[in-house]
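*Asks:* One structure coming up, written as structure tokens, with questions to follow.
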Ligand code: NAD
């Protein structure tokens, strides 16, 4: 089957996918709950509804995005008509992580199909219930020669990576991103790598602390902190610290109650291995709020950690869990020392009422994307590119950009024959002066 040819075919399959996701929405939400108690509200907001919106947007805009795009011709080629022609890469491999296991598998798939590619999708093995429902959906909607699902773990991923692909789209950790990049280099396959990092969250002395606490608590503890763009650590002006801790305490209590383990709104850590990794990072002497845990339930309470050193375990790598270290600065120069100690992060946040300071921070540091006076929400605007820089990733997607990610763009000059200016042709004698 040649999926390159028909836009109607792509659109029909995407409509079928949309209807199937809508029909099975409850089952998807249930699978996400079984995998790590993802709250239904979060499952709908960040997974099913997100995918449905992406599908609707793609179906609506497909003709427009796929149309040859006219560009201004160069005077040197006069007379010509110049345009960009988008063609599918061909065979695409998508490897997805477990933290938003539905959305991060389905969104790239939607765009890869929209752009006309054949796809093999490998969801994460750590969320088996979601992987099973994805398989059910894919097999219902697509012919196996168009989109194929390969469920399994590292071995399956490595087997897939040993094959030749026309494009690889990977979302996951930095170390595995390097494995993918090496495998892709073997065949000079282009890649998008959506990775992670240690995302700073700066709070200066002008910030609205109450609102900052509310927005940080939501952005940090949604999905129990297992979000690639969650604030990783707080950098707060030292005089603001004690007030801010009070506000955080209040917001955590308001969101999750006196005993967050009983809250229906807090997801669990995905497995024991990750639970242990996180527990090892908690130094009980430094806990300001939370710290409670339960291995049988893979539970860790929203935990605030007072941190003064950068060589502690919690300040080594991306945390990816409900632990929030709080560091203070006296002089703004200290912010730079801390941030530049780490690789370029996927996200950066600043809370300030000082417009100049906010803008300066956004300009000064290199990071994937971020917010002034909020956390995480830049992800939700389809008109903003989403991706990392340096170790936090290669490439960006979302909205129209996702369609472009999975399309090779051919630059075409259609030359007219009614005029043929002699300027470029040899002999060049005396022509140099006229350039
Ligand atoms: P991971 O890298 O362990 O796994 C991701 C995928 O790679 C899975 O499908 C897994 O089976 C496969 N895989 C694991 N080891 C492999 C190997 N050695 N060779 C080949 N494939 C392998 O990541 P994860 O634990 O699923 O997800 C967490 C990480 O993903 C975090 O670092 C987070 O920041 C990042 N992440 C990034 C984004 C983003 O959009 N930038 C989104 C979500 C998660």
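Residue numbers (this note's numbering): 314 to 748. Every residue gets a Cβ at the ideal spot worked out from N, C-alpha and C, and that includes glycine.
Give the straight-line distance between the Cα atoms of residue 693 and residue 712, rounded to the nearest whole angstrom.
*Replies:* Reading the chain shown from its first residue, position 380 is the one you call residue 693. Reading the chain shown from its first residue, position 399 is the one you call residue 712. The alpha-carbon atoms of residue 693 and residue 712 are separated by roughly 10 Å.
*Asks:* On the premise that residue 485 lies in contact with residue 410, defined as a C-beta separation below 8 Å, what is that separation, rounded to the nearest angstrom?
*Replies:* For the purposes of this step, residue 410 is taken as residue 97 along the chain shown, with counting starting at 1. For the purposes of this step, residue 485 is taken as residue 172 along the chain shown, with counting starting at 1. That pair is a contact at about 5 Å.
*Asks:* Using only the alpha-carbon positions, how far apart do residue 715 and residue 610 sit?
*Replies:* Taking the chain shown and counting its residues from 1, one reaches residue 715 at position 402. Taking the chain shown and counting its residues from 1, one reaches residue 610 at position 297. Each residue's alpha carbon lies about 37 Å from the other.
*Asks:* Looking at the ligand NAD, does it come within less than 7 Å of residue 632, judged from the CB to the closest heavy atom?
*Replies:* By 1-based counting over the chain shown, the position of residue 632 is 319. It does not: the Cβ of residue 632 is nowhere closer than 7 Å to a heavy atom of the ligand NAD.
*Asks:* When you measure from the CB of residue 491 to every non-hydrogen atom of the ligand NAP, does any distance come out below 7 Å?
*Replies:* The ligand NAP is not among the ligands present in this structure, which contains only the ligand NAD.
*Asks:* Where are the alpha helix (DSSP H) runs, 4 residues long or more, that stay fully inside the segment 536-569, in chain order?
*Replies:* Runs found: 554-569.
*Asks:* Given residue 733, which residues of its chain have a CB within under 7 Å of its CB, disregarding the five upstream and five downstream residues?
*Replies:* Position 420 of the chain shown, counted from the first residue, corresponds to residue 733. Here the set comprises nothing.
*Asks:* How long is the line joining the alpha carbons of residue 432 and residue 346, rounded to whole angstroms?
*Replies:* As a first step, residue 432 is located in the chain shown; it is residue number 119 there, counting from the start. As a first step, residue 346 is located in the chain shown; it is residue number 33 there, counting from the start. The alpha-carbon atoms of residue 432 and residue 346 are separated by roughly 27 Å.
*Asks:* Determine the burial state of residue 594: buried for a count of at least 16 other Cβ atoms within 10 Å of its Cβ, exposed for fewer.
*Replies:* Working through the chain shown from its first residue, we reach residue 594 at position 281. The residue in question, residue 594, is buried, as its Cβ has 16 or more Cβ neighbours within 10 Å.
*Asks:* Hey, residue 408 and residue 344 are a contact pair by Cβ (cut 8 Å); roughly how many whole angstroms apart?
*Replies:* In the chain shown, counting from the first residue as 1, residue 408 sits at position 95. In the chain shown, counting from the first residue as 1, residue 344 sits at position 31. Not confirmed; about 19 Å, so no contact.
*Asks:* Can at least three beta-carbon pairs, one atom from the segment 532-552 and one from the segment 640-648, be found at a separation below 8 Å?
*Replies:* Yes: at least three Cβ pairs fall under 8 Å.
*Asks:* Straight-line CA distance for residue 637 to residue 724?
*Replies:* Taking the first residue of the chain shown as position 1, residue 637 is located at position 324. Taking the first residue of the chain shown as position 1, residue 724 is located at position 411. Computed Cα separation, rounded: 48 Å.
*Asks:* Would you say the beta carbon of residue 408 is closer than 7 Å to some non-hydrogen atom of the ligand NAD?
*Replies:* On the chain shown, residue 408 is found 95 positions in, with the first residue counted as 1. Answer for residue 408: yes, Cβ within range of the ligand NAD.
*Asks:* Tell me the rounded alpha-carbon separation between residue 728 and residue 368.
*Replies:* Taking the chain shown and counting its residues from 1, one reaches residue 728 at position 415. Taking the chain shown and counting its residues from 1, one reaches residue 368 at position 55. Roughly 38 Å separates the two Cα atoms.
*Asks:* When you compare the CB positions of residue 720 and residue 400, do they come within less than 8 Å of one another, or not?
*Replies:* As a working mapping, residue 720 is identified with position 407 in the chain shown. As a working mapping, residue 400 is identified with position 87 in the chain shown. Yes, Cβ-Cβ distance for residue 720 and residue 400 is below 8 Å.
*Asks:* DSSP beta-bridge partners for residue 514?
*Replies:* Locating residue 514 in the chain shown gives position 201, counting from the first residue. 547, 662.
*Asks:* Taking the alpha-carbon positions, what's the residue 474 to residue 483 distance?
*Replies:* The residue labelled residue 474 in the question sits at position 161 within the chain shown. The residue labelled residue 483 in the question sits at position 170 within the chain shown. In a straight line, the C-alpha of residue 474 is about 11 Å away from that of residue 483.
*Asks:* Residue range of the beta strand (DSSP E) that residue 382 falls in?
*Replies:* Translated into the one-based positions of the chain shown, residue 382 becomes position 69. Here the beta strand (DSSP E) through residue 382 covers 382-384.
*Asks:* Does the beta-carbon of residue 683, which I'm using as the reference point, lie nearer than 7 Å to any heavy atom of the ligand NAD?
*Replies:* On the chain shown, residue 683 is found 370 positions in, with the first residue counted as 1. No, the beta carbon of residue 683 sits no closer than 7 Å to any heavy atom of the ligand NAD.
*Asks:* Tell me whether residue 467, by its Cβ, gets closer than 7 Å to a heavy atom of the ligand NAD.
*Replies:* In the chain shown, counting from the first residue as 1, residue 467 sits at position 154. It does: the Cβ of residue 467 is within 7 Å (strictly closer) of some heavy atom of the ligand NAD.
*Asks:* Please identify the residue among 506, 376, 429, 354 whose C-alpha is closest to the C-alpha of residue 705.
*Replies:* Stepping through the chain shown from its first residue, residue 705 is reached at position 392. Measuring from the Cα of residue 705, the nearest candidate turns out to be 506.
*Asks:* For the beta strand (DSSP E) that contains residue 720, what are its first and last residues?
*Replies:* Within the chain shown, the letter at position 407 stands for residue 720. It spans 720-728 - the beta strand (DSSP E) in which residue 720 sits, taken as one unbroken run.
*Asks:* Within 7 Å: the Cβ of residue 375 and any heavy atom of the ligand NAD?
*Replies:* Taking the first residue of the chain shown as 1, we reach residue 375 at position 62. No, the ligand NAD has no heavy atom inside 7 Å of this Cβ.
*Asks:* DSSP puts residue 435 in a beta bridge; with which residues?
*Replies:* The residue given as residue 435 occupies position 122 in the chain shown. Bridge partners of residue 435: 408.
*Asks:* What does residue 395 pair with, by DSSP beta-bridge criteria?
*Replies:* Indexing the chain shown from 1 puts residue 395 at position 82. Residue 395 pairs with 384, 726.
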